[in-house]
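For reference, the structure discussed in these notes is given below.
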Amino acid sequence: MYYFDNAATTFPKPESVYRAMDQFFRTSAGNPGRGTHRLALAAGEVIDETRQLLARLFHAPDPVRVIFTASTTDALNLALHGLLKPGDHVVTSSMEHNAVVRPLCALEEQGVMVTCVPCAADGSLNPEEVLAAMRPETRLVVIIHASNVTGTILPIEAIGAQVRQRDALLLVDAAQTAGVLPIDVQAMNIDLLAFPGHKGLFGAPGTGGLVVGERAHLHPIRQGGTGTHSEQEKQPTELPEGFETGTLNSVGIAGLGAGVRFVLEQGVEQIHAHESAVMRRLLDGLSTIPGLTIYGPADIERQVGVVSVCLANWEPMDVGVALDQDYDIAVRTGLHCAPAAHRTIGTFPTGTVRLSPGYFTTFEDVERVITALDYLALHWQRGLPKLN
Amino acid sequence: MPVLLFQGKTIETDEDGFIQDFDAWSEDLAQYLADRADMGRLTPDHLKVLYYLREYYRQHELAPPIRVLCKETSFTLKYIYQLFLAGPARGACKLAGLPKPTGCA
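Residue numbers (my numbering), protein chains in the order written: chain A, 19 to 406; chain B, 329 to 433.
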């Protein structure tokens with residue numbers, strides 16, 4: 019399998035991740051924070067270690083400010099529903115994933131006001147337009163760090179400094195950047211950082227998290243057992259337990275810990291450098307294919323390892339099936355749960371073919387996908403032999 | 329709007345040849361479209377896919393996810409792809425008289 023769907027979830031994972039999950043499940047899988055026996059304590063230790071590693075990676079002021087969630091979507095829901103009240107105003111962009119769009123839509127029905135700042139056709143965002151959209155009652159700016167459709171990197175640092183000056187909060191969706199771009203929540207003035215465990219951090223699906231800055235005062239959005247303050251009926255609000263109701267996905271978090279350790283050992287800069295080199299070759303090759311349109315900046319300085327394309331005479335879905343069936347290449351087709359982004363770049367409603375290499379993608383893999391797309395472009399009526 | 333002439337009738341299509349009127353479809357029209365794509369005679373397996381697509385669209389007003397199509401027809405994706413070499417969208421959905429599929433597969 020030639021895997022070009024790392025924006026959905028990274029594959030494969032480092033060997034250490036597989037080993038950590040297997041070992042944890044066999045030797046340490048008590049219920050973390052729920053008892054005093056050895057298995058519970060061992061599970062709790064792994065959770066704490068992973069929390070510390072994540073705090074180190076993102077430069078969080080304190081590990082307790084890292085809340086584990088089931089996904090980035092779960093983290094964004096916690097941030098948005100745990101923060102916003104009727105009458106609050108939110109500024110967002112037109113490149114957001116439904117993980118932001120849909121919670122904001124639901125909150126609008128409850129009286130939250132939302133302003134969506136349009137991005138350019140390549141997915142880029144002018145930070146001045148974000149600032150111009152802010153009002154005195156603006157409580158939050160929520161922006162995706164890099165588009166899951168075009169890979170376009172949005173200007174978080176420029177926005178962060180200005181948002182802080184205006185006494186609002188900044189929530190960043192780091193689904194495509196955690197582990198791939200350097201993120202320092204303090205230096206970048208990020209108040210809330212939602213991240214996935216199973217993408218650039220190489221953990222298991224079903225893991226993610228929210229880093230909560232000192233200026234953000236969240237309310238829990240779920241109630242139940244936390245392993246703390248069990249004598250009281252009211253939900254505790256202490257970080258992190260008050261926001262981690264129910265038994266954590268400890269096996270997944272054990273894998274996430276190994277994944278974050280791998281990222282720290284390799285270095286985010288090295289990971290980004292490899293992905294950029296692979297992307298450069300991919301973009302160069304794609305630009306030579308007749309009838310292929312590239313969406314996004316097509317500039318590795320301005321995007322992460324994600325690019326969308328369309329092929330003349332092909333529906334995106336059919337390209338995906340042909341690449342899978344004929345060439346053993348995995349890509350993602352359609353709207354990528356980001357219809358707003360596709361409206362922005364002009365590919366709604368049929369969507370695009372998304373190619374997303376990762377840290378384990380080789381240059382040979384890239385040659386394979388370029389050759390395959392070239393074949394589809396030139397021989398779409400299947401008149402000539404397929405690539406072997 | 330582009331049109332195709334079939335059995336004395338004018339049938340509107342989109343720019344990619346997808347029929348706009350769901351009720352204008354017939355097996356004969358499917359065979360006509362198959363002939364234009366050099367697919368040869370449609371087999372019972374082709375028709376099983378086409379009728380399933382139409383029934384699903386009639387109920388849900390969208391094309392089924394690929395995994396549902398495979399499950400309900402008992403055909404593998406590889407086999408469906410062999411039946412409709414242009415792919416599930418330009419091949420199967422177009423012959424079934426569905427609008428061009430949108431969104432996620």
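C-beta: ideal position from N, C-alpha, C; glycine also.
Go ahead and label residue i buried or exposed: buried means 16 or more other beta carbons lie within 10 angstroms of its beta carbon, across all protein chains shown.
i                      : result
residue 372 of chain A : buried
residue 166 of chain A : buried
residue 340 of chain B : exposed
residue 321 of chain A : buried
residue 124 of chain A : exposed
residue 349 of chain B : exposed
residue 333 of chain B : exposed
residue 331 of chain B : exposed
residue 130 of chain A : buried
residue 31 of chain A  : buried
residue 404 of chain B : exposed
residue 362 of chain A : buried
residue 381 of chain A : exposed
residue 69 of chain A  : buried
residue 336 of chain B : exposed
residue 103 of chain A : exposed
residue 396 of chain A : exposed
residue 393 of chain A : buried
residue 416 of chain B : buried
residue 404 of chain A : Caution is warranted here: a pLDDT of 49 is assigned to residue 404 of chain A, below 50, making its placement in the model unreliable, and no coordinate value can be reported.
residue 374 of chain A : buried
residue 184 of chain A : exposed
residue 115 of chain A : buried
residue 274 of chain A : buried
residue 38 of chain A  : buried
residue 421 of chain B : buried
On the DSSP bridge list, what partners appear for residue i?
i                      : result
residue 107 of chain A : A:131 and A:156
residue 321 of chain A : A:170
residue 89 of chain A  : Answer is none; residue 89 of chain A lacks a bridge partner.
residue 431 of chain A : Any answer about residue 431 of chain A is impossible in this case: the structure gives chain A only from 19 up to 406.
residue 227 of chain A : A:86 and A:213
residue 191 of chain A : A:162 and A:212
residue 326 of chain A : A:313 and A:372
residue 347 of chain B : B:341
residue 4 of chain A   : This structure cannot speak to residue 4 of chain A, because chain A is shown only from 19 to 406.
residue 334 of chain B : B:337
residue 23 of chain A  : A:374
Report the CB separation of residue i from residue j in whole angstroms; it is logged as a contact under 8 Å.
i                      : j                      : result
residue 12 of chain A  : residue 347 of chain A : A query on residue 12 of chain A cannot be resolved here, the shown segment of chain A reaching from 19 to 406 and no further.
residue 5 of chain A   : residue 418 of chain B : The structure shown does not extend to residue 5 of chain A, since chain A is modelled only from 19 through 406, so no value can be given for it.
residue 366 of chain A : residue 281 of chain A : Rounded, the Cβ-Cβ distance is 34 Å, inconsistent with contact.
residue 352 of chain B : residue 370 of chain B : Wrong, their Cβ atoms sit about 17 Å apart, outside the cutoff.
residue 52 of chain A  : residue 60 of chain A  : No, residue 52 of chain A and residue 60 of chain A are not in contact; Cβ-Cβ is about 12 Å, not under 8 Å.
residue 218 of chain A : residue 225 of chain A : At roughly 12 Å, the Cβ-Cβ gap does not stay under 8 Å, so residue 218 of chain A and residue 225 of chain A are not in contact.
residue 323 of chain A : residue 296 of chain A : 7 Å
residue 430 of chain B : residue 368 of chain A : 5 Å
residue 333 of chain A : residue 428 of chain B : 7 Å
residue 309 of chain A : residue 325 of chain A : Residue 309 of chain A to residue 325 of chain A, Cβ: 16 Å. No contact.
residue 107 of chain A : residue 157 of chain A : 6 Å
residue 181 of chain A : residue 358 of chain A : Not quite, the Cβ-Cβ distance comes to about 21 Å (not below 8 Å), so this is no contact.
residue 424 of chain B : residue 378 of chain B : 4 Å
residue 254 of chain A : residue 246 of chain A : 6 Å
Does chain C have any CB closer than 9 Å to the CB of residue i?
i                      : result
residue 430 of chain B : Among the chains of the structure shown, chain C does not appear; the protein chains present are A and B.
Check whether the stretch 20-39 of chain A and the stretch 235-245 of chain A touch, using three or more Cβ-Cβ pairs below 8 Å as the test. no
Which of the residues in the stretch 405-426 of chain B, read from start to end, lie with their CB under 8 Å from any CB of chain A? Contacts with chain A (Cβ-Cβ distance below 8 Å) from the stretch 405-426 of chain B involve 405, 406, 409, 413, 414, 415, 416, 417, 418 and 419, listed in chain order.
At a cut of 8 Å, does the stretch 204-212 of chain A reach the stretch 71-86 of chain A through at least three beta carbon pairs? yes
Taking 8 Å as the threshold, find out whether the stretch 211-218 of chain A comes into contact with the stretch 166-178 of chain A through three or more Cβ pairs. Flag = no, the stretch 211-218 of chain A and the stretch 166-178 of chain A do not touch.
Taking three-plus beta-carbon pairs below 8 Å as touching, is the stretch 145-152 of chain A in contact with the stretch 171-185 of chain A? Judged by Cβ distances under 8 Å, the stretch 145-152 of chain A makes contact with the stretch 171-185 of chain A, as three or more pairs qualify.
Closer than 9 Å between beta carbons: that is the criterion. Which residues of the stretch 328-339 of chain A meet it against chain B? 331, 332, 333, 334, 335, 336, 337, 338 and 339
The stretch 30-47 of chain A / the stretch 263-277 of chain A touching (three or more Cβ pairs under 8 Å): Taking a contact to require three or more Cβ pairs closer than 8 Å, the stretch 30-47 of chain A and the stretch 263-277 of chain A qualify as touching.
Looking at C-beta atoms only, is the number of pairs between the stretch 282-290 of chain A and the stretch 220-233 of chain A that lie closer than 8 Å three or more? no
Check whether the stretch 103-115 of chain A touches the stretch 157-164 of chain A, counting contact only when three or more Cβ pairs, one atom from each stretch, lie closer than 8 Å. Below 8 Å, enough C-beta pairs join the stretch 103-115 of chain A and the stretch 157-164 of chain A to call them touching: three or more.
Along the stretch 368-390 of chain A, what residues have a CB closer than 8 Å to any CB found in chain B? 368 and 369
Cβ contact (3+ pairs, closer than 8 Å) linking the stretch 289-304 of chain A and the stretch 93-104 of chain A: no
Scan the stretch 308-322 of chain A for residues whose Cβ lies nearer than 8 Å to a Cβ of chain B and list them as they occur along the chain. none
Short-range partners of chain B found in the stretch 194-218 of chain A, where Cβ spacing is below 8 Å: Answer set for the stretch 194-218 of chain A: empty.
Cβ-based contacts, 9 Å cut-off: residues of the stretch 245-260 of chain A near chain B: none
Below 9 Å between beta carbons is the criterion; list the residues of the stretch 340-357 of chain A that meet it against any residue of chain B, in chain order. 340, 342, 343, 344, 350, 351, 352, 353, 354, 355 and 357
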